[in-house]
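Residue numbers (the working numbering), protein chains in the order written: chain A, 1 to 236; chain B, 237 to 472; chain C, 473 to 708; chain D, 709 to 944. Where is the CB? At the ideal position from N, CA and C, for every residue including glycine. Because the structure is a prediction, the values reported are computed rather than measured.
There are 4 protein chains.
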Amino acid sequence: MTETQTLPYIGKRQIHEHGHVILEKVMGDELDILNNAKVSFNTENQELDTHGKGVLRFLMENRHGSPWESVIFRFDIILPIFVMREHVRHRIASINEHSQRYSGAMEEFYVPRHADIRQQVGKPGSYSFEPITDPLILTEAEYLIENTQREAFRAYHRLLELGVAKELSRVVIPVGAYTRIKWTVNFRSLLNYLSLRNHKDAQREIAAYAIAIEELVSEQLPYAMELFNKYDRVAP
Amino acid sequence: MTETQTLPYIGKRQIHEHGHVILEKVMGDELDILNNAKVSFNTENQELDTHGKGVLRFLMENRHGSPWESVIFRFDIILPIFVMREHVRHRIASINEHSQRYSGAMEEFYVPRHADIRQQVGKPGSYSFEPITDPLILTEAEYLIENTQREAFRAYHRLLELGVAKELSRVVIPVGAYTRIKWTVNFRSLLNYLSLRNHKDAQREIAAYAIAIEELVSEQLPYAMELFNKYDRVAP
Amino acid sequence: MTETQTLPYIGKRQIHEHGHVILEKVMGDELDILNNAKVSFNTENQELDTHGKGVLRFLMENRHGSPWESVIFRFDIILPIFVMREHVRHRIASINEHSQRYSGAMEEFYVPRHADIRQQVGKPGSYSFEPITDPLILTEAEYLIENTQREAFRAYHRLLELGVAKELSRVVIPVGAYTRIKWTVNFRSLLNYLSLRNHKDAQREIAAYAIAIEELVSEQLPYAMELFNKYDRVAP
Amino acid sequence: MTETQTLPYIGKRQIHEHGHVILEKVMGDELDILNNAKVSFNTENQELDTHGKGVLRFLMENRHGSPWESVIFRFDIILPIFVMREHVRHRIASINEHSQRYSGAMEEFYVPRHADIRQQVGKPGSYSFEPITDPLILTEAEYLIENTQREAFRAYHRLLELGVAKELSRVVIPVGAYTRIKWTVNFRSLLNYLSLRNHKDAQREIAAYAIAIEELVSEQLPYAMELFNKYDRVAP
């Protein structure tokens with residue numbers, strides 16, 4: 001059983017059956033981004049007025065990146081290992097992760113709903129993904145995905161029973177198994193993450209996380225996110 | 237005239253006649269550092285109890301670095317260019333800086349008090365710095381430092397009067413002139429900064445900034461800073 | 473079948489049955505590290521003489537880090553996913569990785585030799601690892617590790633046969649399965665990697681990679697590695 | 709007197725009267741970039757054929773960034789402090805710099821040719837720069853720029869004579885004075901540098917460095933630079 005987060009937080013989204021994204025803390029707001037930019041002129045705004053919004057628009061359109069780094073988010077995320085393996089590639093961020101070496105594997109693993117069991121169609125480099133509709137195939141695929149992982153966890157527990165070290169027993173754990181991280185990231189790096197992961201080419205399962213993160217961030221910085229969308233979702 | 241910061245802030249220190257360090261915002265506390273570490277075990281503490289303090293001590297002593305990155309500080313700093321030139325070398329941070337290209341040079345420049353006009357004694361690699369006591373030398377040195385910079389600013393303003401572009405006129409500005417930054421930095425990177433800059437080998441003028449920053453940070457994270465000092469001021 | 477590297481390389485180590493470390497290219501040598509340091513004095517050495525060696529020793533002992541960043545290594549590494557998951561946490565490096573989404577899983581997976589099937593003894597935080605000697609346990613553990621992974625690959629291939637997309641079929645793949653990376657890293661960051669991963673607390677399987685990397689690097693920079701060991705294997 | 713670089717190097721450009729850019733070393737080539745990308749498919753090319761060029765084009769057009777990080781350059785650069793202050797903002801790079809604290813200021817300083825003494829015309833945010841043609845203004849401006857810096861250096865030397873420490877005497881040195889760095893940077897980060905600094909909005913004096921660097925890099929990676937230009941000089 002994954003233990004729940006009981007400390008106060010800002011917002012939460014459930015992802016699939018076992019995952020979640022929790023926005024724990026945020027530092028800064030759109031006025032801060034503006035005032036980080038305005039230090040160039042040794043001036044400061046007291047509020048985000050029309051002029052200030054124009055400055056933010058200019059910064060986004062012309063990809064002046066550093067002011068956007070002044071706002072920081074911290075998330076608690078429960079996600080499958082295969083999603084984590086893409087997530088961790090975003091280097092400009094800080095991560096602490098659940099340790100299978102120290103505390104053993106978390107018990108949950110990802111099994112897609114039938115609607116998410118899909119085929120890829122087309123040539124390498126330009127695949128599209130389409131639903132599988134044959135109920136026999138869906139049933140067998142779901143069985144394979146669930147049962148293979150279940151058997152792997154069974155073998156894992158038997159290895160522990162035999163006295164094999166946790167760090168070694170884990171080699172049988174599937175990449176569909178869940179892990180948990182704390183993720184601290186600045187807004188500029190987060191926009192780069194969103195541009196790549198909340199994107200039509202991203203794998204559906206990682207996109208689910210990116211969409212949830214984007215919703216939570218948009219509640220904090222609605223105007224900045226409006227600008228991000230207006231200027232083609234290119235990170236400044 | 238440097239415009240003052242009028243938005244609310246957490247703490248402020250004046251540095252020399254014209255500089256300052258303002259702690260604008262902070263995200264996180266010692267409990268967050270602990271809970272970033274405890275995600276390894278998929279558990280969470282509600283408060284920083286004796287056990288939790290022991291965990292923090294273990295993390296500092298054994299240099300487990302990533303949990304300390306979960307706390308973020310943002311500062312507003314007014315500092316001479318020659319101090320800025322060392323400050324900016326700390327790459328794991330975000331900076332926005334006053335622009336001489338866009339808004340012209342800030343008018344202030346650094347003139348040391350007599351007590352800070354010093355000589356270096358000893359061999360390269362192991363200098364020490366000792367006061368200069370001869371009043372004639374002190375007077376001449378202060379005059380040279382102040383007058384040379386004043387004349388440089390006079391030339392700068394004459395160049396502007398002549399219509400020379402700000403970005404070019406500035407080449408005469410001395411490195412003793414002030415600039416202003418917003419500095420967003422995580423606590424781990426900040427500890428590395430403090431280990432190098434609040435250090436006996438640091439130049440006195442940059443150390444003055446590091447000392448002020450350390451005071452402001454210590455008010456926020458007193459136990460973490462106690463551990464940093466206990467374990468030889470080595471960044472985890 | 474993993475395709476072999478056929479372009480010229482500098483050195484290679486086989487790791488376990490299916491892994492390897494190949495040192496593909498290196499830029500720079502110990503004289504470069506020295507001359508990066510000596511730019512402080514606007515001077516340059518033609519060779520690494522006694523004086524130069526003294527400077528390198530001073531830099532290592534006093535942890536002056538930046539000159540060590542001037543030497544770069546690039547490796548080709550085939551490694552299990554659970555080792556990769558630790559490797560990728562070293563952010564100051566560049567990685568390209570084999571993609572299960574695009575080209576499907578590599579077929580190999582890690583099965584420890586009997587001598588590596590171990591138990592952990594002692595309290596959390598200070599485990600030691602000791603061999604398992606009971607032949608019945610060894611036989612069962614090996615069977616579980618090998619068979620569970622083999623079955624997972626069988627399920628994976630059946631999912632592909634059913635038309636399920638590669639990116640989704642892979643969720644059953646175990647973390648013992650192999651992946652392949654190109655790793656470009658500077659010498660300073662590499663020393664930090666070695667200090668943590670060629671260390672008694674590192675998991676044996678990742679240490680095997682760190683040891684191989686250290687051997688290959690030591691052939692290139694023998695004096696620098698001698699200094700690293702002399703000064704307690706702390707990255708400068 | 710700046711000491712000359714006597715070790716072998718790949719290419720050199722003189723910048724203005726006192727500056728230079730030397731390409732000291734490079735690791736990797738376009739085939740390496742291709743093979744870093746092809747590790748995704750666990751394959752390797754022996755040469756950069758038509759197919760390989762197509763892959764590079766795809767990577768640049770679609771901003772797949774990491775393969776471009778596998779090629780590294782190291783430069784020796786002599787540049788004015790005001791140029792260095794922009795250069796150092798590129799964080800994904802390694803720098804060692806001449807130290808005024810340890811070895812005193814370098815003696816040279818930047819004086820623009822008449823053709824570079826310019827005015828800014830237009831509104832903030834969209835300045836253009838136009839030549840100043842009045843010979844009286846040019847003469848006075850040149851005099852102010854040269855003489856102010858010369859006087860600052862005279863004061864600096866007098867301060868040293870008086871026994872004032874080098875680290876303090878330097879506060880009078882103008883930002884037009886030269887410094888020297890070693891700069892190690894990967895190709896992706898370099899393209900970001902070029903996109904910003906060899907750009908119509910960059911200050912002419914920093915652009916002079918970026919243009920020289922781009923020439924030297926283009927000799928090493930002509931096809932990659934062709935692609936960079938083809939796709940709007942956006943770093944991948």
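Annotation: Cβ neighbours of A/P67 in chain B (cutoff 7 Å, chain order): N332. Contact check for A/A235 and A/I33: beta-carbon distance about 14 Å, past the 8 Å limit, so the pair fails to qualify.
Each residue's CA atom was taken as its position, placing C/E639 and A/G65 some 33 Å apart. The DSSP assignment places complete alpha helix (DSSP H) segments of no fewer than 4 residues inside the segment 740-816 of chain D at 758-769, 789-795 and 808-811, in order along the chain. Shown here, C/P646 sits in a strand according to DSSP, grouped into three states. Checking the DSSP bridge columns, you'll see B/H256 partnered with B/Q250 and B/I314. Nearest Cα to D/V747 within the set C/I549, C/V498 and C/H490: C/I549. Neighbours of C/K497 in chain D, taken as residues whose beta carbon is under 7 Å from its own, are M735 and G736 in chain order. Taking a Cβ-Cβ cut-off of 8 Å, the neighbours of D/Q754 in chain C comprise T478 and L479, given in sequence order. Using a Cβ-Cβ cut-off of 7 Å, D/F783 is close to nothing in chain C; its nearest Cβ partner there is about 11 Å away.
In the three-state reduction of the DSSP assignment, A/V164 falls in the coil class, being assigned neither a helical nor a strand state. When the Cα atoms are used, B/Q250 and B/E344 turn out to be separated by approximately 14 Å. Between C/L631 and C/A637, the alpha-carbon positions lie close to 8 Å from each other. As the crow flies, the alpha-carbon of B/K436 is around 15 Å from that of B/N428. Interface with chain D (7 Å Cβ-Cβ cutoff): C/Y582 is excluded. Counting only residues of its own chain and dropping the five nearest sequence neighbours on each side, B/R424 has a CB closer than 6 Å to the CB of G301, W304 and E305.
Rounded to whole angstroms, the separation of the alpha carbons of B/L295 and C/Y481 is 40 Å. The three-state reading of DSSP puts A/N229 in helix, counting H, G and I together. For B/F464 and D/F790, the gap between their C-alpha atoms comes out near 36 Å.
From the listed residues D/L844, D/D842 and D/R826, the smallest Cα separation to D/S836 is found for D/R826. Note on the segment 107-132 of chain A: there is no whole alpha helix (DSSP H) run with a minimum of 4 residues. Rounded to the nearest whole angstrom, the CA to CA distance from A/E86 to A/L196 is 11 Å. The beta carbon of D/L924 is closer than 6 Å to those of G719 and L731 in its chain, skipping five residues each way along the sequence. The Cβ of C/I487 sits no closer than 7 Å to any Cβ of chain A. Identification of chain D residues near C/A509 by a Cβ-Cβ cut-off of 7 Å yields N804, ordered along the chain. If the five residues before and after B/L284 are omitted, its C-beta is found closer than 7 Å to the C-beta atoms of E266, L267 and L270, all from its own chain and listed in chain order.
When only Cα atoms are considered, B/R406 and B/Q385 end up about 12 Å apart.
Annotation for C/Y665: the continuous alpha helix (DSSP H) segment containing it runs F659 to R669.
In the three-state scheme derived from DSSP, where H, G and I count as helix and E and B as strand, B/V262 is classed as strand. Interface residue (Cβ-Cβ distance to chain D less than 7 Å): B/E403 is classified as such. Of all residues in the segment 623-639 of chain C, only E623, A624, R626, A627, Y628, R630, L631, L634, G635, V636, A637, K638 and E639 come within less than 9 Å of chain A when Cβ atoms are compared, listed by chain position.
Residues of chain B whose Cβ lies closer than 7 Å to the Cβ of D/G884 are, in chain order, V407 and V408.
Contact annotation for A/A141 against chain C: L631, L634 and V636 [CB-CB distance below 7 Å, chain order]. CA-to-CA, the gap between C/R573 and A/A105 works out to about 24 Å. Within 10 angstroms of the beta-carbon of A/A210 lie 16 or more other beta-carbons, which makes it buried.
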